[in-house]
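Contents: one structure, followed by commentary.
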Amino acid sequence: MPHDLEKQELYPPFFQAVLTPHRSLSREGVNMVLWCAGAVAGACSVMLVLMGLWPAPILLALPILFLWLAFRHNFATAETYEEISVSPLEVRLKHVTYKGEVQEYILNPFHMKLHIERDEDIGVTRILVRSDQQFLIVGSFLNPDDRTSFAAEFSKAIHSARNRGFDHA
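In this text, residue positions in the sequence shown follow numbering that gives the first Met the number 0: the first is 0, and each later residue adds one.
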């Protein structure tokens with residue numbers, strides 16, 4: 000039982016977010032695209048082989064191979080995520096790559112600066128956290144609308160943390 004008490008935080012986080020990249024095409028959609036592209040390439044290959052151009056199937060298979068590799072890489076990078084939590088005493092940023100590499104930063108909300116870069120047409124283009132000579136980019140894989148809404152909520156959470164979390168108590 001004492002072990003559980005040691006794990007319990009004095010000030011639990013009042014803001015938590017998990018950021019994941021959006022993928023608009025599911026695995027079934029990707030399979031459909033690959034099968035359709037393969038069918039078109041196959042039909043064209045048959046016609047070209049009948050005309051005497053026997054290397055055509057090889058040349059038409061290469062784009063299908065590259066398309067498959069691109070989708071495979073796309074789904075692998077979809078495993079990337081960021082976890083952000085804000086408590087009155089600390090801001091935790093955890094970035095996990097699709098390869099499983101973990102980078103975790105624990106920052107003091109009083110010693111950090113949140114810099115939000117905006118574009119008039121796009122909205123928020125970058126969320127930058129600066130603390131003690133460290134520059135961390137948060138949510139770089141988000142689309143502009145999600146990045147804008149997250150930046151507003153994250154900014155409010157940092158402001159609340161500087162007020163020791165009494166805004167959310």
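We put the beta carbon where it would ideally sit given N, CA and C, even for glycine.
Would you decide whether residue i is buried or exposed? Buried here means 16 or more other CB atoms lie within 10 Å of its CB.
{"i": "G138", "result": "buried"}
{"i": "H110", "result": "exposed"}
{"i": "S71", "result": "Per the sequence presented here, residue 71 reads as Arg, with Ser not at that position. When all chains shown are included, R71 counts as exposed."}
{"i": "P11", "result": "exposed"}
{"i": "P87", "result": "buried"}
{"i": "A151", "result": "exposed"}
{"i": "S154", "result": "exposed"}
Check each candidate in the options and name the one with the smallest Cα separation from residue i.
{"i": "H158", "options": "E89, L135 and F140", "result": "E89"}
{"i": "A42", "options": "A160, L92 and L59", "result": "L59"}
{"i": "W84", "options": "E78, L49, E100 and K93", "result": "It is worth fixing the name first, because residue 84 is Ser in this sequence and not Trp. Here the closest residue by C-alpha is K93."}
{"i": "D118", "options": "W53, K98 and R146", "result": "R146"}
{"i": "A77", "options": "K98, I57 and R91", "result": "K98"}
From the DSSP output, read off the bridge partner residues of residue i.
{"i": "F109", "result": "F109 is not bridged to any residue."}
{"i": "Q15", "result": "S84"}
{"i": "E103", "result": "K93"}
{"i": "R117", "result": "V123"}
{"i": "V137", "result": "I126"}
Once you ignore the five residues that flank residue i on each side, which residues in its own chain have a CB closer than 7 Å to its CB?
{"i": "G37", "result": "I63"}
{"i": "L47", "result": "A55"}
{"i": "T19", "result": "Y80"}
Using a Cβ-Cβ cutoff of less than 8 Å, which residues in the same chain neighbour residue i once the five nearest sequence positions on both sides are dropped?
{"i": "L127", "result": "L113, H114, I115, E116, F134, L135, I136 and V137"}
Cutting at 6 Å between CB atoms, please list the residues of its own chain near residue i, excluding the five before and the five after it.
{"i": "F149", "result": "G138"}
{"i": "E196", "result": "Nothing in the structure corresponds to residue 196, since the chain is present only between 0 and 168."}
Checklist entry - On the three-pair Cβ rule with 8 Å, is the stretch 64-79 touching the stretch 105-112? => result No, the stretch 64-79 is not in contact with the stretch 105-112.
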